[in-house]
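Numbering (the working numbering), first residue to last: 9 to 170. Since the structure comes first, as structure tokens, the remarks are kept for the end.
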Amino acid sequence: MVNTNKKHWKTKEIIWKPDIVVDYNTNMRLIDKADMQISTVDSLRKSTKWYRKIYFHLMDICMLNAYNLYMTKTGERSTLRAFKLNVITEMLRRFGQQVPTHSRSGRQRDALQGSLQRLNGGVAFHCPVHVPPTAANPRKMGQRECIVDIIFLVRFTIRGSE
């Protein structure tokens, strides 16, 4: 039991706090801090099923643990968002393959199609790509159409016209 340095208003007896409550409060602070860090780069969505939410939450926890290990091992200062983007980029660089494709406008673009995509039966996936600011407006970040959506749209319109 731990003394709370408080007295009951009527009986004037010292109020004691059980050790289990002290232990709970100490450890909950760490969990609240982890939840706060995850919430800034949360990958959960409202419309997903419950099992997907659990999966993505576990992935977020794994990324946070990996980030904390990386920070203690290397001592480099970076944000969790930059770390996650770095991990995704390195995974795509290691397991992905650059395949040039053409968009509707005729400009050549690179799409990452890795061995994982071929194993999934050719189901395309979305990849984050850094797009630098344009020359016309250097303060505004550049925008780019998703190649997966373009391919799906082209296939859908071709099938719909037949």
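Positions of the beta carbon are idealized from the N, C-alpha and C atoms, including for glycine.
Using only alpha-carbon positions, find the residue among the options that is nearest to residue i.
i: residue 73; options: 147, 45, 62; result: 45
i: residue 26; options: 40, 9, 20, 42; result: 9
i: residue 24; options: 32, 15, 69; result: 15
i: residue 88; options: 39, 19, 35, 49; result: 49
i: residue 51; options: 71, 34, 33; result: 71
Quick one: grab the DSSP three-state call for residue i.
i: residue 2; result: Coverage of the chain is limited to positions 9 through 170, which leaves residue 2 absent and any answer about it impossible.
i: residue 58; result: helix
i: residue 145; result: coil
i: residue 20; result: coil
i: residue 30; result: helix
i: residue 12; result: strand
If we ignore side chains and look at the alpha-carbon of each, how far apart do residue i and residue j end up?
i: residue 138; j: residue 90; result: 12 Å
i: residue 57; j: residue 83; result: 38 Å
i: residue 99; j: residue 30; result: 42 Å
i: residue 77; j: residue 63; result: 21 Å
i: residue 121; j: residue 95; result: Because residue 121 carries a pLDDT of 44, less than 50, the predicted location of this residue cannot be relied on, and no value is offered for it.
i: residue 147; j: residue 12; result: 55 Å
i: residue 81; j: residue 41; result: 20 Å
i: residue 69; j: residue 21; result: 44 Å
i: residue 32; j: residue 86; result: 30 Å
i: residue 141; j: residue 43; result: 33 Å
i: residue 67; j: residue 144; result: 39 Å
Quick one: is residue i buried, meaning 16 or more other Cβ sit within 10 Å of its Cβ, or exposed?
i: residue 114; result: Low per-residue confidence applies at residue 114: pLDDT is 47, beneath 50, and the placement is therefore not dependable, though the value from the model is reported in the following sentence. Label assigned to residue 114: exposed.
i: residue 92; result: buried
i: residue 75; result: buried
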